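Have a look at the structure below before the remarks.
Protein chains: 2
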Amino acid sequence: MQLVFLSGGSGKRLWPLSNNARSKQFLPLLEAPDGSMESMVQRVVRQAKEAELNAQITFATNAAQRDSIINQLGTDVDIVAEPQRRDTFPAIALAASYLYFTKSCSDDEIVVVMPSDPCTEVGYFLTVARMADEVRHNAADLVLMGITPTYPSEKYGYIVPEKTTNTAGSMPVSRFTEKPTVEVAQDLLHEGALWNGGVFAFKLGYMMNIVRKYIQAASFEETYARYTEFPKISFDYEVAEKATSVAVVPFTGKWKDLGTWNTLTEELSHRTIGNVLLGDANDNTHVINELEVPVFCDGMKDTVVACSPDGILVCAKDKSETIKKYVDSLTLRPMYEERRWGTYKVLSDVQYEDGTRALTKTIKLRAGKNISYQIHHHRDEVWTIVDGEGIFVLNGESRKVHRGDVCCIRKEQYHAIKAITDLVFVEVQIGTPLVEEDIERFDWNW
Amino acid sequence: MQLVFLSGGSGKRLWPLSNNARSKQFLPLLEAPDGSMESMVQRVVRQAKEAELNAQITFATNAAQRDSIINQLGTDVDIVAEPQRRDTFPAIALAASYLYFTKSCSDDEIVVVMPSDPCTEVGYFLTVARMADEVRHNAADLVLMGITPTYPSEKYGYIVPEKTTNTAGSMPVSRFTEKPTVEVAQDLLHEGALWNGGVFAFKLGYMMNIVRKYIQAASFEETYARYTEFPKISFDYEVAEKATSVAVVPFTGKWKDLGTWNTLTEELSHRTIGNVLLGDANDNTHVINELEVPVFCDGMKDTVVACSPDGILVCAKDKSETIKKYVDSLTLRPMYEERRWGTYKVLSDVQYEDGTRALTKTIKLRAGKNISYQIHHHRDEVWTIVDGEGIFVLNGESRKVHRGDVCCIRKEQYHAIKAITDLVFVEVQIGTPLVEEDIERFDWNW
Numbered sequence: 016m017q018l019v020f021l022s023g024g025s026g027k028r029l030w031p032l033s034n035n036a037r038s039k040q041f042l043p044l045l046e047a048p049d050g051s052m053e054s055m056v057q058r059v060v061r062q063a064k065e066a067e068l069n070a071q072i073t074f075a076t077n078a079a080q081r082d083s084i085i086n087q088l089g090t091d092v093d094i095v096a097e098p099q100r101r102d103t104f105p106a107i108a109l110a111a112s113y114l115y116f117t118k119s120c121s122d123d124e125i126v127v128v129m130p131s132d133p134c135t136e137v138g139y140f141l142t143v144a145r146m147a148d149e150v151r152h153n154a155a156d157l158v159l160m161g162i163t164p165t166y167p168s169e170k171y172g173y174i175v176p177e178k179t180t181n182t183a184g185s186m187p188v189s190r191f192t193e194k195p196t197v198e199v200a201q202d203l204l205h206e207g208a209l210w211n212g213g214v215f216a217f218k219l220g221y222m223m224n225i226v227r228k229y230i231q232a233a234s235f236e237e238t239y240a241r242y243t244e245f246p247k248i249s250f251d252y253e254v255a256e257k258a259t260s261v262a263v264v265p266f267t268g269k270w271k272d273l274g275t276w277n278t279l280t281e282e283l284s285h286r287t288i289g290n291v292l293l294g295d296a297n298d299n300t301h302v303i304n305e306l307e308v309p310v311f312c313d314g315m316k317d318t319v320v321a322c323s324p325d326g327i328l329v330c331a332k333d334k335s336e337t338i339k340k341y342v343d344s345l346t347l348r349p350m351y352e353e354r355r356w357g358t359y360k361v362l363s364d365v366q367y368e369d370g371t372r373a374l375t376k377t378i379k380l381r382a383g384k385n386i387s388y389q390i391h392h393h394r395d396e397v398w399t400i401v402d403g404e405g406i407f408v409l410n411g412e413s414r415k416v417h418r419g420d421v422c423c424i425r426k427e428q429y430h431a432i433k434a435i436t437d438l439v440f441v442e443v444q445i446g447t448p449l450v451e452e453d454i455e456r457f458d459w460n461w
Numbered sequence: 016m017q018l019v020f021l022s023g024g025s026g027k028r029l030w031p032l033s034n035n036a037r038s039k040q041f042l043p044l045l046e047a048p049d050g051s052m053e054s055m056v057q058r059v060v061r062q063a064k065e066a067e068l069n070a071q072i073t074f075a076t077n078a079a080q081r082d083s084i085i086n087q088l089g090t091d092v093d094i095v096a097e098p099q100r101r102d103t104f105p106a107i108a109l110a111a112s113y114l115y116f117t118k119s120c121s122d123d124e125i126v127v128v129m130p131s132d133p134c135t136e137v138g139y140f141l142t143v144a145r146m147a148d149e150v151r152h153n154a155a156d157l158v159l160m161g162i163t164p165t166y167p168s169e170k171y172g173y174i175v176p177e178k179t180t181n182t183a184g185s186m187p188v189s190r191f192t193e194k195p196t197v198e199v200a201q202d203l204l205h206e207g208a209l210w211n212g213g214v215f216a217f218k219l220g221y222m223m224n225i226v227r228k229y230i231q232a233a234s235f236e237e238t239y240a241r242y243t244e245f246p247k248i249s250f251d252y253e254v255a256e257k258a259t260s261v262a263v264v265p266f267t268g269k270w271k272d273l274g275t276w277n278t279l280t281e282e283l284s285h286r287t288i289g290n291v292l293l294g295d296a297n298d299n300t301h302v303i304n305e306l307e308v309p310v311f312c313d314g315m316k317d318t319v320v321a322c323s324p325d326g327i328l329v330c331a332k333d334k335s336e337t338i339k340k341y342v343d344s345l346t347l348r349p350m351y352e353e354r355r356w357g358t359y360k361v362l363s364d365v366q367y368e369d370g371t372r373a374l375t376k377t378i379k380l381r382a383g384k385n386i387s388y389q390i391h392h393h394r395d396e397v398w399t400i401v402d403g404e405g406i407f408v409l410n411g412e413s414r415k416v417h418r419g420d421v422c423c424i425r426k427e428q429y430h431a432i433k434a435i436t437d438l439v440f441v442e443v444q445i446g447t448p449l450v451e452e453d454i455e456r457f458d459w460n461w
């Protein structure tokens, strides 16, 4: 069985903790059973393993999230990153091609596609197992999870089942309805309709037949290269609504979308995360602080405060939906990023009168990891090693560096660094323009 | 005429903008007539000049505030810094000795002592001029300003005048009452009592006679050296309440103590200062942001948000009095300071597992200023010049430095830097302990 987690989204509504490089599913805000903090993707992968689904896991994602997935989940999971953002059908089609060609899965392999960010419980994964069983026993070509609705929401898609029941308790699907009005949703609830949870089970061969309608390829690489030939359309429209043999397995239990600060804070175990002091007069107020400096909060009610290197949010919880429309004007560049080699945080970014910028970062490189051999055309860099040991390469010469050492890198100089132990350094970039794209990468044989 | 401004206080109630090194009177939050921002001390000195008092100005302060005063007021004002914090009587006694010995003022010189942080208007300074006239015409030895009360406050001292009036409108003082209950304050208002505004006018000789009761010195330096011989007592108790010839001049007009966020924000011209975006649903909310990163605020009512390198405050305005009791547990070290050579800001302060700390700062040195020739015993420093030009001295060798240059300073190495143009550099300190005291200073002939 193959589990495919869909991981996308820009996470604007959880600004300033989420940004283009760190979507909501990577925020380490949830409490794991051992008391440590985990992100949504870490939680959902942990829960899938605990449910003993015996599934191999693949993340269908985009290039911007690849490093976060590697950093948070290690090499336990496979990653298929689309070459450009399209929609859920192309993303799932690419993942199916990866399973078929690269992982050599058979046409009979059961594939379950699901979101990477549901806030849910073990029963959800037992439902996934039942969906897989229904596919295995040919109850339908496509089996969906139907969430038992708790209110007539306008936000979700609805699945209307027929009144009959298949072998293991799945129901044939009568029709789909997308985002109805509250009145229509009310009627749908009376009909026994379920929310579409975005979980789809099918045999790989079924999906590959649909893939071949658009791209008849002989390899994953070819499919990847021709990715733009897939239509920009959702899996629901392209596959689920066109399917002639489709069934639904209901799930009744905890299922929430932690997409706004209002819903996310309901799931937090503690009122504060990070360096925070609360006065005596706060009520239903959550403070999340990823900065070093302290936050003090008093006299607040139904408020969320969130601080990160990207900015500071102070918002009434019932207004937290509104962040999305403002965040584009707040976002300059990501001030914190997870990369496959570790993390960086911007400490200061100043432009001087003549247009030259100075950008100061703290960079943490995990033991054994390296930054690729590269040159910059428009900036000098000065690295001051503040913790750990590493190997620094400049113009082909390598030397050991440790705390207190300084690496001066001028424009056009070839350089790289590898961490022997966990390595921390302060980087000052000076130049114009200071952009990520001003990197030319070369090979270095460590 | 000599104006002596008293400048002290720790400014805890305006955390995180004020700290031990930057009291409230130095916060550049008020709007000057030309639209630029000014601090309370800049405003009060500007107003004193505009009132054409033709006075020379001396600040009686402590060592921690000396650099802020120089930085904000330049060399227009004299500074007398007490060697240790005692109380207002010793501070005024030291300032009187400075006027007498160092500035060679005569016994007949009129001295007016006043706080450096009143939020007031031109009439206040006209009242100061009338007080000086009363002293000049010998209406009394000591003339105080009495603020016409607006409510029966428990916070202030009261001056009860006699029902008679002197020549120019001053009234002899009948008695003083410190911080009465509301009921007593109510009775005092009926008696025509005035608030004690902390403004005192006297002839220098009068004050020097009191000084000599404690220290008979031949010079300012001797007085300074024997400073601890002055009793720790307020000027009100030691001088005003013991005086036999004391009068009061009333002032009716704007007079506020901007000592809490609640009162300070009432005086701000704009809802926001700095990089701030307000949503549509805020009410009576002020946001002051001294950080580079943006603050977004929505759905807040009667709230103050203040962000500085020291920390972040989110507080209901009517709770802003409570900050004081929490701030000691929030304060580690000042993260921003004004020095006579410029300013510094802490960007990051991290302690590693072995106890070694790394402190990253941005330092701005004003053109012509220098950091003294010094060594450190416990830390290395790396300076990366990001803007401007200067002269760097290392172990007796000097060289020009400019943008992109790096200065590596090891423990026990003699070093100094002087700005030719305004100079900005990023400093990384590495060592343990990282304390201001780890400086040994030497002379360098620039």
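Those protein sequences? They're chains A and B, same order as listed.
Per the working numbering, the first sequence starts with residue 16, numbered consecutively.
Per the working numbering, the second sequence starts with residue 16, numbered consecutively.
We treat Cβ as the ideally placed atom computed from N, Cα and C, and that holds for glycine.
Here the structure is a predicted model, which means the values were calculated and not measured.
Subject >> Where the alpha helix (DSSP H) through B/GLU97 begins and ends >> reply: Mapped onto the second sequence, residue 97 of chain B falls at position 82. Note, B/GLU97: premise wrong, no alpha helix (DSSP H); beta strand (DSSP E) at 93-97.
**OP:** Return the chain-ordered list of same chain residues with a C-beta closer than 6 Å to the C-beta of A/LYS247, the five sequence neighbours on each side being excluded.
**Re:** The residue given as residue 247 of chain A occupies position 232 in the first sequence. Cβ within range, chain order: ARG101, ASP102.
Original post:
Does any C-beta atom of chain B lie closer than 9 Å to the C-beta of A/TYR221?
Top reply: Taking the first residue of the first sequence as position 1, residue 221 of chain A is located at position 206. No, A/TYR221 lies away from the interface with chain B (no Cβ there is under 9 Å from its Cβ).
Subject >> Residues, ordered as in the chain, of the segment 404-430 of chain B that lie near chain A by beta-carbon distance below 7 Å >> reply: ARG418, GLY419, VAL421, CYS423
Original post:
Is the Cβ-Cβ distance between A/THR318 and B/VAL329 less than 9 Å?
Top reply: For the purposes of this step, residue 318 of chain A is taken as the residue at position 303 of the first sequence. For the purposes of this step, residue 329 of chain B is taken as the residue at position 314 of the second sequence. Yes, the Cβ-Cβ distance between A/THR318 and B/VAL329 is below 9 Å.
Subject >> Any C-beta of chain A under 9 Å from that of B/ASN35 >> reply: One-based indexing of the second sequence puts residue 35 of chain B at position 20. By this cut-off, B/ASN35 is not an interface position.
Subject >> Bridge partners - B/ASN77, DSSP secondary structure assignment >> reply: Reading the second sequence from its first residue, position 62 is the one you call residue 77 of chain B. Answer is B/GLU97, bridged to B/ASN77.
Original post:
Taking DSSP as the reference, what is the three-state secondary structure of A/GLU53?
Top reply: Against the first sequence, residue 53 of chain A aligns to sequence position 38. If DSSP states are grouped into helix, strand and coil, A/GLU53 belongs with the strands.
**OP:** Please decide whether B/GLU305 counts as near chain A, where near means a Cβ-Cβ distance under 9 Å.
**Re:** For the purposes of this step, residue 305 of chain B is taken as the residue at position 290 of the second sequence. Not one chain A Cβ lies under 9 Å of B/GLU305.
**OP:** Quick one: residues in its chain with C-beta nearer than 8 Å to the C-beta of A/VAL308, no 5 flanking neighbours on either side, listed in chain order?
**Re:** Locating residue 308 of chain A in the first sequence gives position 293, counting from the first residue. Closer than 8 Å at the Cβ level, and outside the excluded window around A/VAL308, lie ASN290.
Original post:
For A/LEU219, which option in A/LYS376, A/LYS194, A/VAL158 has the closest C-alpha, if you only look at C-alpha atoms?
Top reply: As a first step, residue 219 of chain A must be located in the first sequence, where it is residue number 204. Taking only the C-alpha atoms, the option nearest A/LEU219 is A/VAL158.
**OP:** Please state if the CB of A/LEU283 and the CB of A/LEU29 are separated by a distance shorter than 9 Å.
**Re:** Residue 29 of chain A sits at position 14 when you count from the first residue of the first sequence. Residue 283 of chain A sits at position 268 when you count from the first residue of the first sequence. Not in contact: A/LEU29 and A/LEU283 (Cβ atoms no closer than 9 Å).
Original post:
Cβ of A/THR73 within 9 Å of Cβ of A/LEU114?
Top reply: Here residue 73 of chain A is taken as the residue at index 58 of the first sequence, counted from 1. Here residue 114 of chain A is taken as the residue at index 99 of the first sequence, counted from 1. Contact flag set, yes.
Original post:
Hey, does B/ASP295 have any beta-carbon neighbour from chain A nearer than 9 Å?
Top reply: Taking the second sequence and counting its residues from 1, the one referred to as residue 295 of chain B is at position 280. Answer yes: the Cβ-Cβ gap between B/ASP295 and chain A drops below 9 Å somewhere.
Original post:
A/ASP395 by DSSP, collapsed to three states: which one?
Top reply: As a working mapping, residue 395 of chain A is identified with position 380 in the first sequence. Looking at A/ASP395 - three-state DSSP - the assignment turns out to be strand.
Original post:
What is the rounded straight-line gap between the Cα of B/ALA111 and the Cα of B/MET222?
Top reply: The residue given as residue 111 of chain B occupies position 96 in the second sequence. The residue given as residue 222 of chain B occupies position 207 in the second sequence. Their backbone Cα atoms lie some 7 Å apart in a straight line.
**OP:** Output yes or no for whether 9 Å exceeds the beta carbon distance between B/GLU206 and B/TYR229.
**Re:** Within the second sequence, numbered from 1, the residue matching residue 206 of chain B stands at position 191. Within the second sequence, numbered from 1, the residue matching residue 229 of chain B stands at position 214. Not in contact: B/GLU206 and B/TYR229 (Cβ atoms no closer than 9 Å).
**OP:** Consult DSSP for B/HIS285 and reduce its assignment to one of helix, strand or coil.
**Re:** As a working note, residue 285 of chain B is residue 270 in the second sequence. The answer is coil: DSSP assigns B/HIS285 none of H, G, I, E or B.
Original post:
A/PRO105 by DSSP, collapsed to three states: which one?
Top reply: Sequence index remark: in the first sequence, residue 105 of chain A carries index 90 (1-based). Helix, per DSSP.
**OP:** Look at the alpha carbon of A/GLY403 and the alpha carbon of A/VAL128, and state the distance between them as a whole number of angstroms.
**Re:** Numbered from 1 along the first sequence, position 388 holds the residue referred to as residue 403 of chain A. Numbered from 1 along the first sequence, position 113 holds the residue referred to as residue 128 of chain A. Roughly 42 Å between the two C-alpha positions.
Subject >> Of the residues B/ALA258, B/GLN99, B/VAL137, B/ASN34, the one placed nearest B/SER344, counting alpha carbons only >> reply: Indexing the second sequence from 1 puts residue 344 of chain B at position 329. With distances taken between Cα atoms, B/SER344 lies closest to B/ASN34.
Original post:
What's the call for B/MET52, buried or exposed, on a 16-neighbour Cβ count within 10 Å?
Top reply: Here residue 52 of chain B is taken as the residue at index 37 of the second sequence, counted from 1. B/MET52 is exposed by the Cβ-count criterion.
**OP:** Establish whether the CB of A/PRO309 and some CB of chain B are separated by less than 9 Å.
**Re:** Stepping through the first sequence from its first residue, residue 309 of chain A is reached at position 294. Yes, A/PRO309 counts as interfacial toward chain B.
Original post:
What residues from the segment 326-337 of chain A come within 9 Å of chain B, judged by C-beta to C-beta, listed N to C?
Top reply: GLY326, ILE327, LEU328, VAL329, CYS330, ALA331, LYS332, ASP333, LYS334, SER335, THR337
Original post:
Exposed or buried, what is A/GLU97 when buried is set at 16 or more other beta-carbons lying within 10 Å of its beta-carbon?
Top reply: Taking the first residue of the first sequence as position 1, residue 97 of chain A is located at position 82. Result: buried.
Subject >> CB contact flag (A/PHE457, A/ILE390, <9 Å) >> reply: For the purposes of this step, residue 457 of chain A is taken as residue 442 along the first sequence, with counting starting at 1. For the purposes of this step, residue 390 of chain A is taken as residue 375 along the first sequence, with counting starting at 1. Yes.
**OP:** For A/VAL126, name the three-state secondary structure that DSSP assigns.
**Re:** In the first sequence, the residue the question calls residue 126 of chain A occupies position 111. Three-state DSSP puts A/VAL126 in a strand.
Subject >> Under 9 Å between C-beta atoms of B/ILE225 and B/ALA108 >> reply: Your numbering for residue 225 of chain B matches position 210 in the second sequence. Your numbering for residue 108 of chain B matches position 93 in the second sequence. For B/ILE225 and B/ALA108, yes; Cβs fall inside 9 Å.
Original post:
Is it true that the segment 426-446 of chain A meets the segment 57-75 of chain B, where meeting means three or more beta-carbon pairs spaced less than 8 Å apart?
Top reply: no
Original post:
Is the CB of B/ARG445 under 9 Å away from at least one CB in chain A?
Top reply: By 1-based counting over the second sequence, the position of residue 445 of chain B is 430. According to the sequence shown, residue 445 of chain B is Ile rather than Arg. B/ILE445 counts as touching chain A.
**OP:** For B/PRO265, write down the residues that DSSP places opposite it in a beta bridge.
**Re:** As a position in the second sequence, residue 265 of chain B is number 250, starting the count at 1. DSSP lists B/GLY161 as partners of B/PRO265.
**OP:** Using three-state DSSP, classify A/ALA155 as helix, strand or coil.
**Re:** Counting from one through the first sequence, the residue named residue 155 of chain A turns up at place 140. It is coil, neither helix nor strand.
Subject >> Whole-angstrom distance between A/GLN57 and A/VAL342, CA atom to CA atom >> reply: Locating residue 342 of chain A in the first sequence gives position 327, counting from the first residue. Locating residue 57 of chain A in the first sequence gives position 42, counting from the first residue. Between A/VAL342 and A/GLN57, the C-alpha separation is close to 26 Å.
Original post:
Closest to B/ARG394 by CA distance: which of A/GLU353, A/VAL401, A/PRO324 is it?
Top reply: Locating residue 394 of chain B in the second sequence gives position 379, counting from the first residue. Closest option to B/ARG394, Cα to Cα, is A/VAL401.
Original post:
If B/VAL175 and B/SER189 are in contact, beta carbons under 8 Å, what's the gap, nearest whole angstrom?
Top reply: Along the second sequence, one-based indexing puts residue 175 of chain B at 160. Along the second sequence, one-based indexing puts residue 189 of chain B at 174. About 5 Å; that satisfies the 8 Å criterion.
**OP:** Identify every run of the alpha helix (DSSP H) within the segment 312-372 of chain B, keeping only runs that are complete inside it and at least 4 residues long; order them along the chain.
**Re:** 338-345
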